[in-house]
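When you number the sequence shown by my numbering, it's gap-free, plus one each residue, and the end is 158.
Just so you know, even glycine gets a beta-carbon here, dropped at the ideal spot from N, CA and C.
Remarks on the structure that follows.
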Amino acid sequence: MEELGRTISRSETDDDEEQKALEELVRGHIDAKETYLLEQKVMDLQSEIQIFKRDKDELEMQMEQLALDYEILKQENHDLTYKLEQSELQEQLKFQYECSSSFANVIELEAQIEKET
């Protein structure tokens with residue numbers, strides 16, 4: 042009877058060890074799966090970071106180009122403004138010259154009229 046108790050006890054111990062081994066195996070499988078999923082997530086995030094870096098670099102280049110275009114347009118605007126001002130001054134001088142010569146003609150005509158009268 043005692044031997045039967047030891048056999049049952051040994052059988053239960055074997056069952057416990059098998060159960061523990063099975064649990065360890067399952068835990069190891071779960072850990073491996075979690076590790077794999079975390080590694081996948083890390084790789085996905087690294088890819089996403091690369092995309093964002095590339096987009097950032099592209100935006101920086103576009104900003105530099107826009108800044109250059111802005112400076113060019115600012116210079117063109119300055120040049121056109123200068124030309125417009127010069128043209129307006131020339132028109133004013135021309136108008137003043139025409140007015141002064143017309144005024145001189147008016148004075149001359151008035152002088153002739155006074156002589157005739």
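Rounded C-alpha distance that separates L45 from L63: Position 4 of the sequence shown holds residue 45. Position 22 of the sequence shown holds residue 63. Residue confidence is low: L45 scores 46 on pLDDT, short of 50, so the model does not pin down where it sits. Its coordinate-derived value is still stated next. Approximately 26 Å, taken between the alpha carbons.
What separation, rounded to the nearest whole angstrom, lies between the Cα atoms of L121 and I113? For the purposes of this step, residue 121 is identified with residue 80 of the sequence shown, where counting begins at 1. For the purposes of this step, residue 113 is identified with residue 72 of the sequence shown, where counting begins at 1. The C-alpha of I113 is placed about 12 Å away from the C-alpha of L121.
For T158, which three-state DSSP category applies? In the sequence shown, counting from the first residue as 1, residue 158 sits at position 117. In the structure shown, T158 sits in coil (DSSP, three-state: anything other than H, G, I, E or B).
Could you compute how far the alpha carbon of E99 sits from the alpha carbon of E105? As a working mapping, residue 99 is identified with position 58 in the sequence shown. As a working mapping, residue 105 is identified with position 64 in the sequence shown. Taking the straight line joining both Cα atoms gives about 10 Å.
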